[in-house]
Amino acid sequence: MILEKLEGVKARFQEVSQLITQPEVTSNMKRYIQLNKEYKELEPIVRAYEEYKNILSNIKNAREILATEKYEEMREMAKAEIEELTARVEPMEENIRFLLLPVDPEDEKNAVLEIRAGTGGDEASIFAGDLYRMYQKYAESKGWKMDVSHFTEGTVGGYKEIVLNVKGDNVYGTLKYESGVHRVQRVPVTETQGRVHTSAASVAVLPEAEDFDIEVKPDEIRKDTYCSSGPGGQSVNTTYSAIRLTHIPTGLVVTCQDEKSQIKNLEKAMKELKTRLYDLEYQKRMKAIASRRKTMVSTGDRSAKIRTYNYPQGRVTDHRINLTLYNLESIMNGNIQEIIDKLQMAENAERLKAADLNA
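Take 779 as the starting number for the sequence shown in this note's numbering and just add one per residue.
Below is the structure:
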């Protein structure tokens, strides 16, 4: 059964390999990007298939030797080879089953990362700033580029909200597990009695819409300009360079004041608007998936508490997989890969379970 499916994958891989060299494909950018993406997705499956097929062939040859060979030394070598190769078959089949699962087409995309202060007043804004620095350091470790789209500073530090564009390899597929409410338990700098308070900030990660993902009609958008605020010198505060776009059918509003140029701010704001409109459709699909199986990824419910950062005990707990780590300082310095890896493993286990039930 699995070999038949893999033969079909290999045949498609060979077909795609030929298609991407055709002039009619290379001249059609949308088609070329889609086929190139499919090629990259199929390549590791075909490599795993070739290795798997080679192991099965070697096991078969070793068994033939064992059945016909009279010399004991050769028989012992054949037995050892069968034992070694057979132990590799099941893990390889597990890996292949995972590779055969449908890939989320959003995973390779860049992302829009939103961090907003929640309950907790000034302390929530400070915590939102801490989360921003955590993701900033993590993005640096991954070699990603992070740009601020717009922000509102807290009254005593941090941010009431900050929106970022993150670009790099597999950004959304990695950061999507961060969507939800992050809760902090610590003594705020504003606390005079030394009591531990609980505050929260919400994180939303949206897959960035590409130009051919969604079409926005010009007559559906209202554009307003206003003076930027914040750092950047006198010209920023006196020039109408900031942009506010309102999508009339949905009421979605996006703003951008990061650039001194109105044109650049408009370009960024339009990109973000498309991403938010695309996300509305994407969240519908995520909710449909969540209704069929458990998922580690937020389905748009911004009130779902996913993680607690407890400073007195130096621990971080991810409530979705009951994971507790006692290295809070390291995590706040951007070392969140271990948490993401374990969330991905849990997600993959659920996907394999769902695939087996539907097989």
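Glycine included, C-beta positions come from ideal geometry on N, C-alpha and C.
(request) Using beta-carbon positions only, say whether residue 982 and residue 902 come within less than 8 Å of one another. (result) no
(message) Using a Cβ-Cβ cutoff of less than 7 Å, which residues in the same chain neighbour residue 1118 once the five nearest sequence positions on both sides are dropped?
(response) 952, 955
(message) Judging by CA-CA distance, which residue of 1049, 909, 899 is the nearest neighbour of residue 976?
(response) 899
(message) So if DSSP puts residue 1097 in a beta bridge, which residue, or which two residues, is it bridged to?
(response) According to DSSP, residue 1097 bridges with nothing at all.
(request) Could you say if the stretch 861 to 871 and the stretch 812 to 823 meet the contact criterion of at least three C-beta pairs nearer than 8 Å? (result) no
(message) Distance cutoff 8 Å, beta carbons only. Does residue 1037 sit that close to anything in chain C?
(response) Checking the listed chains, one finds no chain C in this structure; it contains a single protein chain.
(request) Report, in whole angstroms, the separation of the C-beta atoms of residue 797 and residue 813, which I expect to be a contact under 8 Å. (result) 6 Å
(request) Starting from the Cα of residue 907, find the closest Cα among 918, 920, 892 and give me that residue. (result) 892
(request) Report yes if the CB atom of residue 1116 is closer than 8 Å to the CB atom of residue 1103, and no otherwise. (result) yes
(message) Rounding to the nearest angstrom, what Cα-Cα distance links residue 915 and residue 1086 in this structure?
(response) 19 Å
(request) Helix, strand or coil for residue 1090, going by three-state DSSP, please let me know. (result) coil
(message) Suppose the cutoff is 6 Å on Cβ atoms and the five residues either side in sequence are ignored; what does the same chain contact list for residue 886 look like?
(response) 948
(request) State the Cα-Cα distance for the pair residue 873 and residue 1040, rounded to the nearest angstrom. (result) 50 Å
(request) Pull up the distance between the alpha-carbon of residue 1112 and that of residue 1122, whole angstroms please. (result) 18 Å
(request) Please classify residue 972: does DSSP put it in a helix, a strand, or coil? (result) coil
(request) Give the DSSP bridge partners of residue 984, in chain order. (result) 890
(request) Could you check how far apart the C-beta atoms of residue 917 and residue 944 are, in whole angstroms? I think they sit under 8 Å. (result) 6 Å
(request) State the start and end residues of the unbroken beta strand (DSSP E) segment that holds residue 1082. (result) It is not in any beta strand (DSSP E) - residue 1082 carries neither H nor E in the DSSP assignment.
(message) Restricting to Cα atoms, I'd like to know which of 1126, 1125, 1101 is closest to residue 1114.
(response) 1101
(request) Measure the C-alpha to C-alpha separation of residue 964 and residue 904 and round it to an integer number of angstroms. (result) 12 Å
(request) Could you check which residue in 1099, 1125, 1092, 1097 has the C-alpha nearest to that of residue 1109? (result) 1092
(request) Kindly list the residues whose CB is nearer than 8 Å to the CB of residue 836, restricted to its own chain and excluding five residues on each side of it in sequence; keep chain order. (result) 859, 863
(request) State the Cα-Cα distance for the pair residue 875 and residue 818, rounded to the nearest angstrom. (result) 17 Å
(message) Among 985, 840, 930, whose alpha-carbon lies nearest the alpha-carbon of residue 1058?
(response) 985
(message) Is it the case that the stretch 878 to 885 contacts the stretch 959 to 973, given that we only count it when at least three CB pairs across the two stretches are under 8 Å?
(response) no
(request) Could you pull the start and end residues of the beta strand (DSSP E) that residue 958 belongs to? (result) 958 to 964
(message) At the level of alpha carbons, what is the spacing between residue 994 and residue 1106?
(response) 43 Å
(message) Buried or exposed for residue 966, going by 16 or more other Cβ atoms inside 10 Å?
(response) buried
(request) For residue 847, collect the residues of the same chain with a Cβ closer than 8 Å to its Cβ; drop the 5 residues on either side in sequence, then sort them by chain order. (result) 853, 856
(request) Give me whichever residues DSSP pairs with residue 1034 in a beta bridge. (result) 1021
(message) So for residue 833, helix, strand or coil by DSSP?
(response) helix
(request) Round the Cβ separation of residue 1004 and residue 987 to the nearest angstrom and send it over; I've been treating them as touching at under 8 Å. (result) The Cβ separation is near 25 Å, so there is no contact.
(request) Go ahead and pull the three-state DSSP assignment for residue 900. (result) helix
(request) For the beta strand (DSSP E) containing residue 1003, list its first residue and its last residue. (result) 999 to 1004
(request) To the nearest angstrom, report how far apart residue 926 and residue 920 are at their CA atoms. (result) 17 Å
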